[in-house]
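Read the structure below first, then the notes.
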Amino acid sequence: MIKIKSAREISLMRQAGKITAAARALAGDMVTAGVTTREIDKAVRDYIVSQGAVPTFLGYNGYPASVCISVNDELIHGIPGKRELKEGDVVSIDVGATKDGYVGDCAATFIVGDGDEEAKRLIAVTRQSFFEGIKYAREGYRISDISHAIQEYVESNGFSVVREYVGHGVGAKMHEDPEVPNYGKPGHGPRLMRGMTIAVEPMVNMGGAAVRVLDDDWTVVTADGSLAAHYENTILITAGEPEILTVSEVI
Ligand code: MF3
Ligand code: CO
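Here it is as structure tokens:
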């Protein structure tokens, strides 16, 4: 069942979204050589708590941190720890914050220092695929119209979309209906209606689409060891352009 949010719920989602996006930006600014992923996690947690919000990921299905930090061939769900970032690392930051009972969920990939051209192209294509997808995120279209646009854009740029993990509805819970895949034929799935809030989150590999989960039972890596990138925002469906809820002045 897809929940249509009331005006009150939407304003709470905006508050949660702002905090989440600011946390992503703060984490992104910390993506520099020599910082440990644990230091980023702590800064994000402190910031979210300072805003009167709760880090949504902490304890979710037993997840042990407030942010997912996935480096190089790690796609999603990397656990922060003592790893030190180094020049050229490709670093995906995924963060969620719950404020007054509503969730914001967003992600982006950053690079340490200059990075190489192909890595930068992967990050740019992944981000742009989100914007290509949300051209169809409005009343009247169907979920897979978004999915198809993302897949088309990513594959026409020579990269692969991951199938095993998808975007999702978001609201009082981080994961609500519907699923929002990053691949598929257009014209399928639920019809979009104003008041729906969804997280659109392309996950893109430089090489093949296959992924596997490491022994820590969380970290998802590319099967071929190629680089991966992620970009996500929580959006509100309207009659016109979608409203991106995970925005802050800093991004
Ligand atoms: N953005 C991710 C998602 O949409 C984050 C979940 S990580 C977890 O599923 F640790 F909370 F599980
Ligand atoms: Co998500």
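Residue numbers 95 to 345, in the working numbering, belong to the letters of the sequence shown in order. Think of the CB as a built atom: it goes at the ideal place given N, C-alpha and C, for glycine as much as any other residue. If you're wondering where the values come from, they're calculated on a predicted model, not measured in any experiment.
1. Do you know whose CA, among Ile329, Arg215, Thr150, Ile142, lies nearest Met287's CA?
2. Just the C-alpha distance for Ile345 and Lys112, rounded to the nearest angstrom, thanks.
3. Which of the three DSSP states, helix, strand or coil, is assigned to Phe204?
4. Below 8 Å, how does it come out for the stretch 127-136 and the stretch 209-221: are there three or more Cβ pairs, yes or no?
5. According to DSSP, is His242 part of a helix, a strand, or is it coil?
6. For Met300, does the count of other Cβ atoms within 10 angstroms reach 16, so buried, or fall short, so exposed?
7. Suppose you measure from the CA of Val298 to the CA of Val314; what does that come to, to the nearest Å?
8. Given a cut-off of 8 Å, decide if Thr291 and Gly334 are closer than it, judged by their beta-carbon atoms.
9. Under a Cβ-count criterion, where at least 16 other Cβ atoms within 10 Å of its own Cβ denotes burial, should Asp199 be classed as buried or exposed?
10. Between the stretch 306-323 and the stretch 271-278, do at least 3 Cβ pairs fall closer than 8 Å?
11. Do you know how far the Cα of Lys214 is from the Cα of Gly207?
12. Return helix, strand or coil for Arg215, following the three-state DSSP convention.
13. Does the distance between the C-beta of Ala317 and the nearest non-hydrogen atom of the ligand MF3 fall short of 7 Å?
14. Quick one: residues in its chain with C-beta nearer than 8 Å to the C-beta of Met95, no 5 flanking neighbours on either side, listed in chain order?
15. Quick test of your reading: Ile170 and Ser160, contact by CB under 8 Å. State the CB separation rounded to the nearest angstrom.
16. Between which two residues does the alpha helix (DSSP H) harbouring Ile104 extend?
17. For Gly263, does the three-state DSSP call read helix, strand or coil?
18. Return the residue from the list Ala303, Tyr141, Ile228, Pro284 that minimises the CA-CA distance to Glu258.
19. Give me the Cβ distance between Ala115 and Thr340, rounded to the nearest whole Å; I'm assuming they're in contact under 8 Å.
20. Can you tell me which of Tyr154, Glu212, Val143, Phe204 puts its alpha carbon nearest to the alpha carbon of Glu326?
Once the coordinates are examined:
1. Nearest to Met287 by alpha-carbon distance, out of Ile329, Arg215, Thr150, Ile142, is Ile329.
2. At Ile345, the pLDDT of 45 sits below 50, so the modelled position is not reliable; the number obtained from the coordinates is stated separately. Distance between the alpha carbons of Ile345 and Lys112: 11 Å.
3. Note: Phe204 maps to strand in three-state DSSP.
4. Result no; under three Cβ-Cβ pairs closer than 8 Å.
5. Look at His242 here: in three-state DSSP terms it is helix.
6. Buried, by the Cβ-count rule.
7. Using only the alpha carbons, I get a separation of about 12 Å.
8. no
9. buried
10. no
11. 11 Å
12. helix
13. For Ala317, the distance from the CB to the nearest heavy atom of the ligand MF3 is not below 7 Å.
14. Asp271
15. Not quite, the Cβ-Cβ distance comes to about 15 Å (not below 8 Å), so this is no contact.
16. 101-124
17. strand
18. Ala303
19. Between Thr340 and Ala115 the Cβ distance is about 4 Å, and since that is below 8 Å, they are a contact.
20. Phe204
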